[in-house]
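To start, the structure itself, in structure tokens.
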Amino acid sequence: MVIIHYSLSIIIITIFQILFVTDYYYFEEAILTIWDIMEETFGLMMIWGDIVFVPFFFSIQTHYLSLHSPSIQTLSTSYLVFCLCLCISGFLLFRIANLQKHHFSYDSSYVWGLSWHNYFVKQLFGMNRCNIPKYIQTKRGPNILYSGCWGIAKRMNLTGDILQSIGWCLLCSFNHFIPYTYIIYLTVCFMHRERRDNE
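In this text, residue positions in the sequence shown follow my numbering: the first is 346, and each later residue adds one.
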């Protein structure tokens, strides 16, 4: 008989994973224009990845904590707050950068897009919707945005994704390497993507 345990760590990770999936479906229009969909198209890798790999691998921390939670009940409040801040900042960075890229791909006259986050972005980055985005015209067709989050670093959306996943992994403590396979996978995947983009 398997006994399922719970802790504050598993509750935080589960909330963020539900938020991540909800965000995915809420901004589905923006997801349909990402590189994976546009370049790799529909095939066995996409089917297997979306049906088998992503649900298993992206929830590995929750599975681990459901079976090993009692041994890590001693996480301090400051440690939990630090992990929570990583998760929140990573998620916000991921979402804002992706929204900027999505809005820019449809209307290159602005990058800040929706009015609900203009105030937050203006306070955070000292810019607003009225700023004219900077971009590089490419021979291939799509312009490359380099203002907003994309002016700070080339892949701010991936940086946010990594920050969020570090928060998820750290909530599992350091008793086993299994929860950290997720961040290792993401890092290797993003490094490969960066190398491929530079070719």
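Beta carbons are placed, not taken as given, at the ideal position from N, Cα and C, and that holds for glycine.
Met501 sits close to Ile441, with the two beta carbons spaced by under 9 Å.
Per the DSSP secondary-structure output, Leu490 pairs in a beta bridge with Tyr480. Assignment of Lys499 by DSSP, reduced to helix, strand and coil, places it in the coil class.
The C-alpha of Trp513 is placed about 11 Å away from the C-alpha of Leu425. With a 10 Å radius around the Cβ and a threshold of 16 neighbouring Cβ atoms, Asn520 comes out exposed. Per the C-alpha coordinates, the member of Leu438, Ile511 and Leu516 positioned closest to Lys499 is Leu438.
Leu508 and Leu431 do touch by the CB rule: their CB atoms are close to 5 Å apart, below 8 Å. Per DSSP, reduced to three states, the secondary structure at Cys534 is helical. In the three-state scheme derived from DSSP, where H, G and I count as helix and E and B as strand, His521 is classed as coil.
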